[in-house]
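Numbering-wise (the working numbering), the sequence shown opens with residue 154 and increments by one. A virtual CB, placed ideally from N, CA and C, is assigned to each residue, including glycine. In this text the structure is predicted, and so the values were computed from the model without any measurement.
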Amino acid sequence: MDSPLALYRRYRPETFAEVIGQEHVTEPLRAALAGNRVNHAYLFSGPRGCGKTTSARILARALNCEKAPVADPCGECDSCRDLARNGPGSIDVIEIDAASHGGVDDARDLREKAFFAPVRSRYKVYIIDEAHMVTTQGFNALLKLVEEPPPHLRFIFATTEPEKVIPTIRSRTHHYPFRLIPPRLLTSYLSELCEREGVSIEPAALPLVVRAGAGSARDTLSVLDQLLGGAGPAGVTYDLASGLLGYTPDTLLDDVVDAFAAGDGAAVFGVVDKVIETGQDPRRFTEDLLRRVRDLVIVSAVPDAPATGLIDVSGDQGDRLVAQAARFGRAELTRAADLVAAGLTDMRGATAPRLLLELICARILLPGADHTTDGVLARLDRLERRVAISGTPSADAAPSAGPVTVPGQDRPAPSRAERAAPERAERPDVAAEAAAAASPAPVAPVAEPADVIPPVPEPEPIPEPEPIPEPEPEPEPMPEPMPERAPEPPVAAAAAASATAEDAPAPGGLGLVDVRRLWPSVIDRVKAAKRVTWIHLTQNSQVVGFNGDVLTLGFQHDGPRRSFESGGHADIVQQAVVDVIGAAVRVEAIIDPGADPAAVTPAAVDDARTASRAAPPTAPSTPASPPGDGPDWAQQPEAGGSPPAPEPPQEQTSRRPRMADLQAQAEAPREDPDAHVDLDDAEVDPESSAELLARELGAQVIEEIPRG
């Protein structure tokens, strides 16, 4: 007796109506067949086992059916019987496996045979399976034939990787993408097949079979065929399916989830030990645990997810999921899912998967050691559950410090004065004040003799307060005009803001004012180190900013700044600041037109002296004299006059010193800057000196010509 065929061969669809999960492909094809609008070439693509080759055979049967054009083959003519599920096949329908016949020689042989007319059918149909395995040369050999085939020729390409089919072929076909079959549809289809086979299957085992098939009809039927072959008198049970397919039993997953909810580390690691002792794969257990936590996250957000089919589980398992999700908080479940997912990623390729699994469980059990937002939210969820279980009253329900109402059969509650300390009761004045200020606690009436208790008068009704008539609004007095204040000059406001910024100390306690106060000492230290750097600090730059970490030097021109940065002078200044101030800072050079160097060059003093001698005396009240060139008394306003005009911006006055200052500095005895410096200093940079002479004095250095 011959063994029966495999399930995927016995139940291969013979019409488009029997193909499940591909309605987006079968319906357009049936419409094209019924309207006789069939193309000469088709491309079927999609995952394996989803019906590409089967649909190609059904299309070939419909094309060669004697009743064509028809949407579905009749199944009665010779062509339909030859191409049936167990038929011998048709000589006019040729199936080619491109994995072994994808070369250029095979394509040339196909091209030569394609021009012959079909023997018995209307069309000669070529079904090229695994079309992505055809080489580029093979596709090029078929290009002309696919583009302009003879009237009797039809091509159907089936592939799992349509991007590997060259664009010239793909553009000449009608592309139909196939998809994976939904799990619910596969579950109902498997139940129907089991009824046809006469084998019972537990509802809890069906999701395992569908999960193992991963959306492929052929793979799912192969798994079901394996289970049907090993089923006993009880049919396909859950234990049989989980054991053969290698999935973690639900009992282990329930145990570990309950242990996580209770914070029982002994039970959690006991489950891990049981997983290892039973020979299960730790990676598969971690994957199943991640799937279970995912289901709990969905159930926590949608409590009726198992009933509505959002989660494909059996009825009793859905009830267990709802009960387990109620023992967790959403933040705790999300944190656990993140930890398991990250651990599963690290477990791939690891040599000690059990160790990683135990570390994952330890992290889930200890949200207190997790200082991230997820860990804090997980601890918060745990506290809320404990409060809900223990019934601890909240802060709003806590007893207040006021008087407590006692039952009527008890004695009257003592007043606040009676509950006072003994030492306070000994002082009559304090006790009296306490008794007068304390309000009596509301107590129920106590049955005592009538002659002892005086009659209590009925409380008089409190009269409602009479409405107070609202006073008529008085006219608001007109506000007195404030004396106009002279606008503050913008230069003065900027100076005030700058002074405020300078006075603000840095985070380390050292401010810009302190640095400027110690800056002469820094310059002296730099002078002893390198003369060119000293010249940059005294004649070209000024300290314009300091924030504790960065010391900013302002240069009026870009040339000196670039010379300062390229000459390595910033390191010398940084070391000098460390030696003098004791602060490790970074020196930064910027262009600041308002920067006023601390020292004035001798050449500028001589120019100022020459200008003062040559210039004619100017009257102080002459308005044409620019501000800043005359004496200070010339800028003072007369008594009772209008306020002085705003001063010009600092950029204009800082570039050229006033004449009076230059004269005073010129008449003062000048100190030779080279008095304490050896002129044969080996560290003077010749290139920087030449650039400095050319910029300041307009001189040109001529190389010395050796005398012959």
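Whose CA, out of the options, lies closest to the CA of residue i?
i: residue 448; options: 459, 439, 438; result: 459
i: residue 373; options: 702, 439, 418, 343; result: 343
i: residue 412; options: 424, 403, 401; result: 424
i: residue 730; options: 266, 713, 663, 745; result: 663
i: residue 450; options: 698, 488, 432; result: 488
i: residue 249; options: 855, 738, 210; result: 210
i: residue 305; options: 194, 364, 239; result: 194
i: residue 181; options: 329, 309, 387; result: 329
i: residue 239; options: 179, 277, 212, 158; result: 158
i: residue 683; options: 721, 224, 747, 707; result: 721
i: residue 183; options: 198, 213, 707; result: 213
i: residue 206; options: 282, 170, 256, 482; result: 282
i: residue 510; options: 421, 260, 334, 386; result: 421
i: residue 258; options: 272, 290, 232, 229; result: 290
i: residue 444; options: 429, 457, 490; result: 490
Let me know if residue i comes out buried or exposed under the rule of 16 or more other beta-carbons within 10 Å of its beta-carbon.
i: residue 492; result: buried
i: residue 401; result: buried
i: residue 192; result: exposed
i: residue 598; result: Unreliable placement is indicated for residue 598, whose pLDDT of 45 sits below 50; no coordinate value is reported for it.
i: residue 740; result: buried
i: residue 167; result: buried
i: residue 268; result: exposed
i: residue 453; result: buried
i: residue 270; result: exposed
i: residue 297; result: exposed
i: residue 689; result: buried
i: residue 745; result: buried
i: residue 686; result: buried
i: residue 287; result: buried
i: residue 272; result: exposed
i: residue 640; result: With a pLDDT of 43 at residue 640, under the threshold of 50, the predicted position of this residue should be treated as unreliable, though the coordinate-derived value follows. The residue is exposed, with fewer than 16 neighbouring Cβ atoms inside 10 Å.
i: residue 609; result: Reliability of the predicted coordinates at residue 609 is poor, the pLDDT of 49 falling under 50, and the value obtained from them is presented with this limitation in mind. That one is exposed.
Please state the DSSP three-state secondary structure of residue i.
i: residue 173; result: coil
i: residue 250; result: strand
i: residue 206; result: helix
i: residue 330; result: strand
i: residue 310; result: strand
i: residue 389; result: strand
i: residue 195; result: strand
i: residue 427; result: helix
i: residue 464; result: coil
i: residue 319; result: coil
i: residue 161; result: helix
i: residue 352; result: coil
i: residue 450; result: helix
i: residue 266; result: helix
i: residue 419; result: helix
i: residue 282; result: strand
i: residue 483; result: helix
i: residue 578; result: Because residue 578 sits at a pLDDT of 44, beneath the cut-off of 50, its placement in the model cannot be relied upon, and the following sentence gives the value as read from the coordinates. Looking at residue 578 - three-state DSSP - the assignment turns out to be helix.
i: residue 289; result: helix
Would a C-beta distance cut-off of 8 Å place residue i and residue j closer than the cut-off?
i: residue 161; j: residue 346; result: no
i: residue 313; j: residue 285; result: yes
i: residue 672; j: residue 696; result: yes
i: residue 872; j: residue 323; result: Missing from the structure shown is residue 872; the chain here goes from 154 to 861 and no further.
i: residue 394; j: residue 362; result: yes
i: residue 174; j: residue 338; result: yes
i: residue 243; j: residue 208; result: no
i: residue 435; j: residue 507; result: yes
i: residue 277; j: residue 245; result: yes
i: residue 365; j: residue 389; result: no
i: residue 884; j: residue 331; result: Because the chain spans 154 through 861 in this model, residue 884 falls outside it and cannot be assessed.
i: residue 203; j: residue 370; result: yes
i: residue 405; j: residue 446; result: no
i: residue 712; j: residue 705; result: no
i: residue 748; j: residue 709; result: yes
i: residue 414; j: residue 481; result: yes
i: residue 218; j: residue 198; result: no
i: residue 403; j: residue 477; result: no
i: residue 465; j: residue 336; result: yes
i: residue 215; j: residue 226; result: yes
i: residue 261; j: residue 299; result: no
In chain order, which beta strand (DSSP E) runs of at least 3 residues are fully inside the segment 722–746? 739–744
Can you check the segment 676–702 for any beta strand (DSSP E) of at least 3 residues that lies completely inside it and give the ranges in chain order? 694–699
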